[in-house]
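Enquirer: Here it is: the structure, laid out below.
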Amino acid sequence: MLWCWLVAWQPGFGQFKTEEGKGCRLGDPVVMRWQAGMVITASGGACRGIKGTAPIPRNWPEQQVEIVEEDVSPGVSLRYQTVDGLVDMMVVQIPNLPGGKEAKALVTVEVRRFVQLPPPDTSIFRIPETRQIPVAARPFLGTSPKIESRDPKIVAKAKEIFPAEGKDWDRVKAIYDWVREHVTYKQNTPLRGALAALKDGTGDCEDMTSLFIALCRASGIPSRTVWVQGHCYPEFFLVDDEGTGYWFPCQVAGTEAFGEMPDARIILQKGDNFRSPINSRERVRYLAETLTGGSAGANPSVRFIRQRLAE
């Protein structure tokens, strides 16, 4: 379970620029360094066929990422792959690691993370028709682990609270307002999901985010999870008066922010329905680090690294 930080970090905005098109405007960037990877030890004897994966931050309209250092032990191979166009992963392979020996693969990136200011004219945005939804955004109309958007209770509640008329921006905000008004934030709880948050009226940042996303999807609005260090929040998808689509963030748990994001923490990944790297039959909300391999009587131990570095 993620620890949810509810105090919004608000750096000075200064001059701002606009994302490409008519979407959110971007404030001044916060520049940070982030390190990800793993340190592996062969315990109990030589280990063979070791393979590890770890997510690293990637580029988004509100985030620029550059790899500045790779710290890789001899005999370790490192490559990168992108999963579903949403998550960049480092893939580490070690053919043979002698018993008691240690190997590492660490990647340091520099991240320029922009705060997002609301678009100047929200009246031009509307919920897209099916044919206007890009292929990459269509999965975010379906269900995900703990986002039960097709459950009859979720569908019924969406019909009840989603206004039939009005500007589409305000109609989406009606869902946002309802979740914030009817679900009480409760810290340090196990993940239960959208349906449980609807039933009990309580939840942490993941539960509240999941409920907002489920209600949006049940109303025909693509929506997805944004994962940042120690927290998560949702994005929703609308198109402008020319049919161009944009993702807009909102802070469901914490300081009110709709169609904007003053929190400049590093975006670790986006999305909430991935095929598990370990079990292809399992779907997971977040692509966490993995490690496989070893040999008879010997298993590798691992320390995964996921940290913001001191300035």
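Counting from 3, one number per residue, gives the positions in the sequence shown under the working numbering. Even glycine gets a Cβ: it sits at the ideal position worked out from N, Cα and C.
#1: If we call anything under 8 Å between Cβ atoms a contact, is Pro224 one with Ile156?
#2: Going by DSSP in three states, Gly14 sits in which element: helix, strand or coil?
#3: Is it the case that the CB of Arg194 approaches a heavy atom of the ligand SAH more closely than 7 Å?
#4: In chain order, what residues of the same chain lie with their CB nearer than 6 Å to the CB of Lys169, ignoring the 5 residues before and after it?
#5: Can you say whether Val174 is buried or exposed, counting buried as having 16 or more other CB atoms within 10 angstroms of its CB?
#6: Please work out which residues of its chain come closer than 6 Å, Cβ to Cβ, to Arg308, disregarding the five sequence neighbours upstream and downstream, and give them in chain order.
#7: What residue does the alpha helix (DSSP H) around Ser212 start on, and which one ends it?
#8: Just mark Ser303 as buried or exposed, buried being the case when its beta carbon has 16 or more other beta carbons within 10 Å.
#9: For Leu311, count neighbouring Cβ atoms within 10 angstroms of its own Cβ and tell me buried if that reaches 16, exposed if not.
#10: Using the DSSP secondary-structure output, state which residues sit across from Asp73 in a beta bridge.
#11: Where does Ile149 land, buried or exposed, given buried means 16+ other C-beta within 10 angstroms?
#12: Could you check where the beta strand (DSSP E) with Glu237 kicks off and where it finishes?
#13: Can you tell me whether DSSP reads Ser278 as helix, strand or coil?
#14: In whole angstroms, what is the alpha-carbon distance linking Thr294 and Val67?
#15: Specify whether the segment 229–249 and the segment 112–130 touch according to this definition: at least 3 beta carbon pairs, one from each stretch, less than 8 Å apart.
#16: Taking DSSP's pairing of strands, which residues face Ile223 in a bridge?
#17: Any chance the segment 184–192 sits against the segment 103–118, with 3 or more Cβ pairs inside 8 Å?
#18: By the 10 Å Cβ neighbour count, where 16 or more other Cβ atoms means buried, how is Gly299 classified, buried or exposed?
#19: In the DSSP assignment, what are the bridge partners of Leu293?
#20: Measuring straight from C-alpha to C-alpha, what distance separates Val181 and Arg287?
#21: Given Pro100, which residues of its chain have a CB within under 8 Å of its CB, disregarding the five upstream and five downstream residues?
#22: Mapping DSSP to helix, strand and coil, what is Val254?
#23: Tell me the DSSP secondary structure of Pro141 in three-state form.
#24: Looking at the strands, I want to know which residues DSSP matches up with Trp62.
#25: Taking the continuous beta strand (DSSP E) assigned at Ala38, which residues delimit it?
#26: Here's a check: name, in chain order, each residue in its chain whose Cβ is nearer than 6 Å to the Cβ of Pro120, leaving out the five neighbours to either side.
#27: According to DSSP, is Lys272 part of a helix, a strand, or is it coil?
#28: At what residues does the beta strand (DSSP E) containing Pro192 begin and finish?
#29: Strictly by DSSP, which residues pair up with Trp249?
Expert: Inspection of the coordinates gives the following:
#1: No, Cβ-Cβ distance for Pro224 and Ile156 is not below 8 Å.
#2: Residue confidence for Gly14 is low, a pLDDT of 31 falling below 50, so the modelled location carries little weight; the figure read from the coordinates is stated next. Gly14 falls in the coil class under three-state DSSP.
#3: For the ligand SAH, the structure offers nothing, since it holds no ligand at all.
#4: Only Ser125 meet the Cβ criterion.
#5: Label assigned to Val174: buried.
#6: Correct list, in chain order: Ala38.
#7: From DSSP, the alpha helix (DSSP H) with Ser212 extends over Cys207 to Ala220.
#8: Within 10 angstroms of the beta-carbon of Ser303 lie fewer than 16 other beta-carbons, which makes it exposed.
#9: A residue is called buried once 16 or more other Cβ atoms fall within 10 Å of its Cβ, and Leu311, having fewer, is exposed.
#10: According to DSSP, which records beta bridges pairwise, Asp73 is partnered with Leu108.
#11: Residue burial annotation: Ile149 is buried, with at least 16 other C-beta atoms found within 10 angstroms of its C-beta.
#12: Looking at the DSSP string, the run of the beta strand (DSSP E) that includes Glu237 is His233 to Val241.
#13: In the displayed model, Ser278 falls within coil according to three-state DSSP, outside both helix and strand.
#14: Taken atom to atom, the span from the alpha-carbon of Thr294 to that of Val67 is near 28 Å.
#15: Contact between the segment 229–249 and the segment 112–130 is present, because at least three Cβ pairs lie under 8 Å.
#16: Paired residue(s): none; Ile223 is not in a bridge.
#17: No, because fewer than three Cβ pairs between the segment 184–192 and the segment 103–118 fall closer than 8 Å, the two stretches do not touch.
#18: A residue is called buried once 16 or more other Cβ atoms fall within 10 Å of its Cβ, and Gly299, having fewer, is exposed.
#19: Paired residues: Gly54.
#20: Taking the straight line from one Cα to the other gives about 21 Å.
#21: Once the five neighbours on either side are set aside, the close Cβ partners of Pro100 are Ala44 and Ala48.
#22: The DSSP-derived three-state label of Val254 is coil.
#23: For Pro141, the three-state secondary structure derived from DSSP is helix.
#24: Paired residues: Gln65.
#25: Counting along the chain, the beta strand (DSSP E) containing Ala38 begins and ends at Arg27 to Ser45.
#26: Same-chain partners within the cutoff: Gly261 and Glu262.
#27: Here Lys272 sits in strand by DSSP.
#28: Counting along the chain, Pro192 falls outside any beta strand (DSSP E), and DSSP gives it neither H nor E.
#29: DSSP lists Phe239 as the bridge partner or partners of Trp249.
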